[in-house]
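In full-length UniProt numbering, the protein residues as written are 1 to 226. No residue lacks a Cβ here, since even glycine has one placed at the ideal position from N, Cα and C. One structure below.
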């Protein structure tokens with residue numbers, strides 16, 4: 001059974017979607033704000049998310065960014081915003097499709113089925129929190145904890161750690177890491193990586209001189225190990 005997380009702060013619409021989707025064989029989870037949506041996604045592991053952008057606590061693009069920190073779940077935006085910049089921001093943040101309110105249920109269901117089909121072939125196990133013996137990385141909340149205390153990271157340090165944690169166990173090449181964090185214009189600036197990996201090790205590793213989690217593959221790149 002396909003599990004759908006529907007996020008909307010309009011009670012009548014939320015109820016209508018739950019009834020219609022349940023009647024068509026979907027298992028439906030619901031949330032009325034962004035924080036509840038991120039919790040529901042982490043705990044319920046939906047197969048697809050239907051998300052309104054106008055939420056009371058977070059903008060929908062923030063919810064998309066939070067999900068994309070750890071998950072590749074298809075996200076179908078459902079919004080009354082019709083301006084092109086809003087659509088572009090949502091898609092750039094990681095949404096897979098965009099349906100404008102008011103909408104037809106048949107169209108929504110068709111787009112929902114298409115999003116699930118596209119994701120079915122490449123699905124991989126996902127974890128919102130990556131635990132090591134020394135520290136934990138919360139990819140949804142974008143926070144790091146060590147010994148129960150939150151560790152302050154600069155945006156660049158977080159960007160580098162996030163890429164490595166999302167690709168844990170896999171070698172991430174120097175150029176790939178530079179493109180992801182600094183952009184394509186900096187693909188040859190390998191000295192950036194040495195500086196920031198050293199900073200991360202000082203903040204996170206029990207023994208920065210003998211790292212166990214943030215590893216260097218000489219001449220090739222870096223690897224995150226638990």
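- Excluding sequence positions up to five before and after residue 215, its CB lies within less than 7 angstroms of the CB of 222, 223 and 225, all in the same chain and listed in chain order.
- Under DSSP, residue 54 forms a beta bridge with 59.
- Secondary structure of residue 163 (DSSP, three-state): helix.
- Under the Cβ criterion (8 angstroms, minimum of three pairs), the region 35-44 counts as touching the region 137-144.
- Secondary structure note for residue 223: its beta strand (DSSP E) is the uninterrupted segment 221-224.
- Between the region 90-110 and the region 155-174, the count of Cβ pairs shorter than 8 angstroms is below three; the stretches do not touch.
- The C-beta of residue 220 has fewer than 16 other C-beta atoms within 10 Å across all chains shown, which makes the residue exposed.
- Residue 96 carries a coil assignment under DSSP once its states are collapsed to helix, strand and coil.
- Relative to the Cα of residue 168, the nearest Cα in the group 193, 84, 29 and 136 belongs to 136.
- Separation of residue 46 and residue 54 (C-alpha to C-alpha, rounded to the nearest whole angstrom) is 21 angstroms.
- For the options 31, 198 and 27, the alpha carbon positioned closest to that of residue 9 is the one of 31.
- As for any beta strand (DSSP E) of minimum length 3 sitting wholly inside the UniProt DNA-binding region "OmpR/PhoB-type" (127-226), the runs are 129-131, 135-138, 143-146, 149-151, 214-217 and 221-224, ordered along the chain.
- Counting the other CB atoms within 10 Å of its CB gives residue 19 a total below 16, which places it among the exposed residues.
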